[in-house]
Amino acid sequence: MLVHSRGARWAVWAVFLVLFLPLFALPLLVVLGASLATHWSGVLPSGLTTANYRAATRGEALQALTTSLLTATAASLLALTLGTWAALAGAALTKRYRRLMDALFVLPLAVPSVVVGLSVLVAFSQPPMLLNGTRWIVILAHTVLVTAFAHQSVSAAITRLDPAYEQAAASLGARPAYALWRVRLPLLLPSLTAAAGLCFALSMGELSATMMLYPPDWTPLPVLIYAATDRGALFTGSAVAVVLMAATLLVLFAVSRVRTRASYR
1 MLVHSRGARW
11 AVWAVFLVLF
21 LPLFALPLLV
31 VLGASLATHW
41 SGVLPSGLTT
51 ANYRAATRGE
61 ALQALTTSLL
71 TATAASLLAL
81 TLGTWAALAG
91 AALTKRYRRL
101 MDALFVLPLA
111 VPSVVVGLSV
121 LVAFSQPPML
131 LNGTRWIVIL
141 AHTVLVTAFA
151 HQSVSAAITR
161 LDPAYEQAAA
171 SLGARPAYAL
181 WRVRLPLLLP
191 SLTAAAGLCF
201 ALSMGELSAT
211 MMLYPPDWTP
221 LPVLIYAATD
231 RGALFTGSAV
241 AVVLMAATLL
251 VLFAVSRVRT
261 RASYR
């Protein structure tokens, strides 16, 4: 911390807590409190119960959680593959064409996600790529939405790589493909895992585009949360939301461990 006096440090921490608690921590605590309640008529919830969590971890909710995990995993892997390939290819382009490629990948982020969902729906509702009504159109939309983050993360990491490693491998007779696999990608592994975690978290929480595309047999958890709150089941919806947060954080923690080990290799 760049503040050296003790009083100033306390002031910085006080400002941080004043901003952090109402903007970030308090809404999450409210959801957590609602997930353990049967009604909320005063300042604090009342009628504490775990029945909401029993409903949130069984039947339709459990199936929706599995759907979200599978969708986020597939979308993250596809986005990481496409984003890494594009970043590696873009590193060999001139600055002008590299900027054009960056703009193309960032384009889905420049419009609302519901527009991306509509464009995917229109594009893949006719032969020969008829995906409407299948799980694949949901995975495709999530991939389109999160690939930009993978591309940007890997592109930034590539610009920081020391070319001396690849030059040394080439001087020892390593072919470009071998140098890429054994030198470049291992050096990029911390950034790859960070990008995968970000893509996974964003896919787990995606709702707007998903609402336009999901078939009845492939309902992700955010859609179930929206449906529960829309019909007035706020406490059950809160419990499902906590389950979604917990599942996402567990996966991100696992990815963080992999990233930490990769950083010390």
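For the sequence shown, counting from 1, position 258 maps to 258 in the UniProt record's numbering; every step adds exactly one.
Yeah, the Cβ is synthetic: ideal placement off N, Cα and C, and Gly gets one too.
Which of the three DSSP states is assigned to residue i in this structure?
i, result
"residue 125", "coil"
"residue 191", "helix"
"residue 171", "helix"
"residue 218", "coil"
"residue 184", "helix"
"residue 57", "coil"
"residue 86", "helix"
"residue 5", "coil"
"residue 91", "coil"
"residue 111", "coil"
"residue 134", "coil"
"residue 198", "helix"
"residue 161", "coil"
Based on the DSSP output, what are the partners of residue i in its beta bridges?
i, result
"residue 151", "According to DSSP, residue 151 bridges with nothing at all."
"residue 39", "46"
How would you write the range of the alpha helix (DSSP H) that residue i sits in, first residue to last?
i, result
"residue 209", "208-213"
"residue 102", "95-106"
"residue 232", "From DSSP, residue 232 is part of no alpha helix (DSSP H); its letter is neither H nor E."
"residue 176", "176-179"
Go through its chain and collect everything with a Cβ distance to residue i's Cβ below 7 Å, but skip five positions before and after it.
i, result
"residue 219", "64 and 67"
"residue 106", "148"
"residue 234", "34"
"residue 137", "120, 124, 131 and 213"
"residue 118", "212"
"residue 87", "151, 154, 155 and 158"
"residue 45", "33, 34, 36 and 37"
"residue 228", "236, 237 and 240"
Got a sec? Which residues, its chain only, sit under 6 Å from residue i by beta carbon, not counting five neighbours each side?
i, result
"residue 221", "64, 65, 68 and 244"
"residue 238", "31, 34 and 35"
"residue 38", "47 and 49"
"residue 204", "68, 72 and 248"
"residue 197", "252 and 255"
"residue 250", "none"
"residue 53", "239"
Who are the near neighbours of residue i in its chain, counting only those whose CB is closer than 8 Å to its CB and skipping five residues on each side?
i, result
"residue 297", "Since the displayed the chain opens at 1 and closes at 265, residue 297 lies outside it and no answer follows."
"residue 82", "143, 147, 150 and 151"
"residue 261", "none"
"residue 174", "182 and 183"
Length at least 4, wholly inside the stretch 7-31: the alpha helix (DSSP H) runs in chain order: Within the stretch 7-31, no complete alpha helix (DSSP H) run reaches 4 residues.
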